[in-house]
């Protein structure tokens with residue numbers, strides 16, 4: 036069953052910067068989120084994923100995140116996630132209050148023993164050679180120094196729709 040998620044979406048100029056990285060991968064013939072055609076496809080930072088959300092979780096998420104927005108997200112570099120196939124992402128340094136909020140929301144949903152790794156995904160399903168080629172591509176595409184989150188949205192895979200929870 037696909038996970039519901041609460042995601043921080045980016046300011047328009049930062050959304051465009053991530054999409055430029057997606058496009059560079061696509062133009063190089065590599066897997067890229069630029070090829071994902073869903074209307075829900077936008078650069079984002081997932082704060083919480085769960086089988087579903089009770090209204091209490093949504094209310095708490097709104098109250099925790101609203102005072103944090105807009106939220107600066109310094110980019111610390113590229114990161115490779117997984118053990119193959121790999122995910123390539125921009126790693127983010129999030130403010131302590133956002134880290135605390137994400138931890139509280141995870142506990143409300145039954146917790147997850149895995150650490151939260153704040154990131155914005157650039158590509159999925161890369162093999163090791165693809166990761167190397169992506170790094171070569173990015174040597175010619177300036178990385179963003181920081182991103183800015185401006186809203187909290189909910190992704191509902193059952194309805195296949197996104198809803199803005201905090202504008």
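In my numbering, the protein residues as written are 36 to 202. Beta carbons: idealized from backbone N, C-alpha and C, even for Gly.
Per DSSP, the bridge partner or partners of residue i
{"i": "residue 121", "result": "161"}
{"i": "residue 188", "result": "42, 199"}
{"i": "residue 176", "result": "Paired residues: none, contrary to the question."}
{"i": "residue 9", "result": "Limits of the chain in this structure are 36 at one end and 202 at the other, which puts residue 9 out of reach."}
{"i": "residue 166", "result": "DSSP, once it has assigned bridges, lists no residue as partnering residue 166."}
Best match in the options for proximity to residue i [C-alpha to C-alpha]
{"i": "residue 107", "options": "134, 98, 119", "result": "134"}
{"i": "residue 113", "options": "99, 125, 102, 119", "result": "125"}
{"i": "residue 160", "options": "94, 189, 67, 85", "result": "67"}
{"i": "residue 142", "options": "92, 156, 178, 123", "result": "92"}
{"i": "residue 177", "options": "59, 44, 130", "result": "59"}
{"i": "residue 44", "options": "86, 100, 90", "result": "100"}
Beta strand (DSSP E) segment containing residue i, residue limits
{"i": "residue 152", "result": "Careful: residue 152 lies outside any beta strand (DSSP E) and carries neither H nor E."}
Residue i, enclosing alpha helix (DSSP H) - first and last residue
{"i": "residue 135", "result": "131-143"}
Exposure label - residue i; buried when at least 16 CB within 10 Å
{"i": "residue 166", "result": "buried"}
{"i": "residue 56", "result": "buried"}
Quiz prompt | Complete runs of the beta strand (DSSP E) confined to the stretch 57-106 [at least 3 residues] | solution = 79-85
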